[in-house]
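Comments concern the structure below.
Chains as they are written, first to last, in the numbering used here: chain A, 3 to 114; chain B, 836 to 942.
Structure, rendered in structure tokens:
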């Protein structure tokens, strides 16, 4: 039972490059989330998916897109990376949106 | 606007020195107050959920309590392995996280 897995663990991009962060959960959870964590600012919600087939914007969605591929997988795409997107990205899942969330190990992204 | 504020930003304790971390919240229609522990370089790990004022939950040296405006995480006789960042989050329409309290426990 792996819980929430994320790939890659580390990534360095140049400004303007694109990439997709992958997330998968094996807990049969309905809801999935993408957060970014910056020093002193806590976790900020980028996008979430309350259930398979739905996605909604969070607090900081600009510059990102998401895809809920199936119940297990939720990906985050940066179409044209900017230095302001340098951060640690966490994927999380929960049984429903009102329940506690379980987090993956994170992806450390640097945009030069 | 919903808001969650944690204090202090950092707390340094000697082993065995009990203390409390504060989480003040203004969340419309609170549906849950969550506490998480985060170790350096890792994702947050769920600790507790509190749903209504007066509720308390315990786990080893940690006890979480909830009032209508605040939640406290009490740490009794901490050990160095309790050193971590503790996050609280309030669930209303959406889940809002505080910035966390970094706890350092010295042996």
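Heads up, the beta-carbon is just placed ideally off N, CA and C, and yes, glycines get one too. All of these numbers come straight from a predicted model, not from anything done at the bench.
For residue j and residue i, believed in contact at Cβ under 8 Å, the rounded distance
i                      : j                      : result
residue 839 of chain B : residue 871 of chain B : 12 Å between Cβ atoms; not a contact.
residue 858 of chain B : residue 873 of chain B : With a Cβ gap of about 14 Å, residue 858 of chain B and residue 873 of chain B do not count as contacting.
residue 938 of chain B : residue 919 of chain B : 6 Å
residue 8 of chain A   : residue 107 of chain A : 6 Å
Status (buried if at least 16 other CB within 10 Å, exposed otherwise) for residue i
i                      : result
residue 66 of chain A  : buried
residue 863 of chain B : exposed
residue 6 of chain A   : buried
residue 99 of chain A  : buried
residue 913 of chain B : buried
residue 105 of chain A : buried
residue 71 of chain A  : exposed
residue 878 of chain B : buried
residue 869 of chain B : buried
residue 82 of chain A  : exposed
For residue i, the nearest candidate out of the options (CA to CA)
i                      : options                    : result
residue 76 of chain A  : A:57, A:85, A:63           : A:57
residue 10 of chain A  : A:61, A:102, A:103, A:91   : A:91
residue 932 of chain B : A:71, A:43, A:114, A:109   : A:43
residue 45 of chain A  : B:854, B:869, B:896, B:935 : B:935
residue 53 of chain A  : A:59, A:104, A:62, A:73    : A:73
residue 846 of chain B : B:908, B:927, B:869        : B:908
residue 916 of chain B : B:837, B:876, B:850        : B:850
residue 109 of chain A : A:103, A:87, A:101         : A:87
residue 844 of chain B : B:928, B:921, B:927, B:926 : B:921
residue 926 of chain B : A:82, A:103, A:84          : A:103
residue 944 of chain B : B:836, B:865, B:856        : Residue 944 of chain B lies beyond the range of chain B shown here (836 to 942); nothing can be said about it.
residue 34 of chain A  : A:80, A:59, A:13, A:85     : A:59
residue 787 of chain B : B:865, B:836, B:852        : In this structure chain B extends from 836 to 942, so residue 787 of chain B is not present and cannot be described.
Which residues DSSP lists as bridging residue i, in chain order
i                      : result
residue 58 of chain A  : A:50
residue 855 of chain B : B:909
residue 95 of chain A  : A:34, A:104
residue 934 of chain B : According to DSSP, residue 934 of chain B bridges with nothing at all.
residue 946 of chain B : Chain B is shown only over 836 to 942; residue 946 of chain B falls outside these bounds and no answer can be derived.
residue 17 of chain A  : None, per the DSSP bridge assignment.
residue 862 of chain B : Paired residue(s): none; residue 862 of chain B is not in a bridge.
residue 26 of chain A  : A:7, A:75
residue 891 of chain B : B:900
residue 40 of chain A  : A:44
residue 67 of chain A  : A:79
residue 89 of chain A  : A:111
Other residues of its chain near residue i: CB distance less than 8 Å, five sequence neighbours each side excluded
i                      : result
residue 3 of chain A   : 28, 29
residue 78 of chain A  : 22, 23, 25, 36, 48, 49, 66, 67, 68, 91, 93
residue 890 of chain B : 900, 901
residue 848 of chain B : 854, 910, 913, 938, 939, 940, 941
Same chain, Cβ closer than 6 Å to residue i, five either side skipped, listed in chain order
i                      : result
residue 796 of chain B : Because chain B in this structure spans residues 836 to 942, residue 796 of chain B falls outside the shown range and cannot be described.
residue 114 of chain A : 16
residue 892 of chain B : 883, 899
residue 55 of chain A  : none
Any non-hydrogen atom of the ligand SAM within 7 Å of residue i CB
i                      : result
residue 862 of chain B : In the structure shown, the ligand SAM is absent, as is every other ligand, since no ligand is present at all.
Chain-order list of residues whose beta-carbon lies under 7 Å from that of residue i (same chain, five-residue window excluded)
i                      : result
residue 89 of chain A  : 38, 39, 40, 111
residue 31 of chain A  : 95, 96, 97
residue 886 of chain B : 867
residue 888 of chain B : 901, 902, 903
residue 80 of chain A  : 20, 21, 65, 66, 87
residue 63 of chain A  : 48, 49
Positions along the region 35-56 of chain A whose CB lies within less than 7 Å of some CB in chain D: No chain D appears in the structure shown, which is made up of the protein chains A and B.
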